[in-house]
Every structure is written in C-alpha cells, then in structure tokens.
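Down below is the structure, laid out as structure tokens.
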Amino acid sequence: MKTIPDEGTVYAISDQVVAREIEGEMIIVPITGGVGDMEDALYTLNETGREIWRRIDGRVAFGELVASLSEQYDAPIQRIREDVAALVDTLVAQGMLVAVTVG
C-alpha cells in the first residue's frame, strides 16, 4: 500500500508538463526530459483523475482535496483518500506533481 500524504501537504502541477483537456480526456505532456518514462510520452487521466488534476493548484492541501472529492463522489472517505494518494504518489514519482511549501 502507498503512503498516505499528510493532510496538510499541498501539491502543484510541475512546470515541466503541460496539460490540456481534449474531447473529455486530460492529456499531460512532458516538456522536458526526466519527466515520466520518456521525453515524448503522453499521459491521459480518466474522469476521476481529471477531477483530481483540476483541483491541484498549489494552494489546496491534500486533506481539503479529499474532502471536496468526498462531497462529489459517493464512496467512503477512506477509499477516496487511498485512491487520491495512489494517483498523487504516481504523479509525483513521474515528476508531474510537486509538493510545495505554503506559508
């Protein structure tokens, strides 16, 4: 199981990627080497992933993100927390998200 981020951790979209929504899909494109598996790779997110991506803005803490998603989706909050943590973990590992210091 992946580690659940601290409720106060804030994430931002890396400046090393660009993302566009095209025909209902979120397409993420690395604009520099070292992001993702390949320099020319395209990444797509499903509907839930797209909702999470839209809410990551460098100001909203992980706990707030989970709480806002729990208002939208009919699922146990722990399940939402685990699913969001898994996606965030993957996107951080791929260099698409970064943890930021707020203050």
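First residue of the sequence shown? That's 2 in our numbering, and the numbers climb one at a time after it.
The C-beta atom is built at its ideal place from N, Cα and C for all residues, glycine as well.
Just so it is clear, the structure is predicted and the values come from calculations on it, not from any experiment.
Residue range 18-23 is occupied by the beta strand (DSSP E) that includes V18. The Cβ-Cβ distance between R56 and L66 falls below 7 Å.
For D75 and P6, the gap between their C-alpha atoms comes out near 22 Å. Leaving aside the five residues that flank V101 on each side, the residues in its chain whose CB is nearer than 8 Å to its CB run, in chain order, V11, Y12, A13, G59.
In the three-state reduction of the DSSP assignment, L46 falls in the strand class, which pools E and B. With a beta-carbon spacing of about 21 Å, I32 and L88 fall beyond the 8 Å limit used to define contacts.
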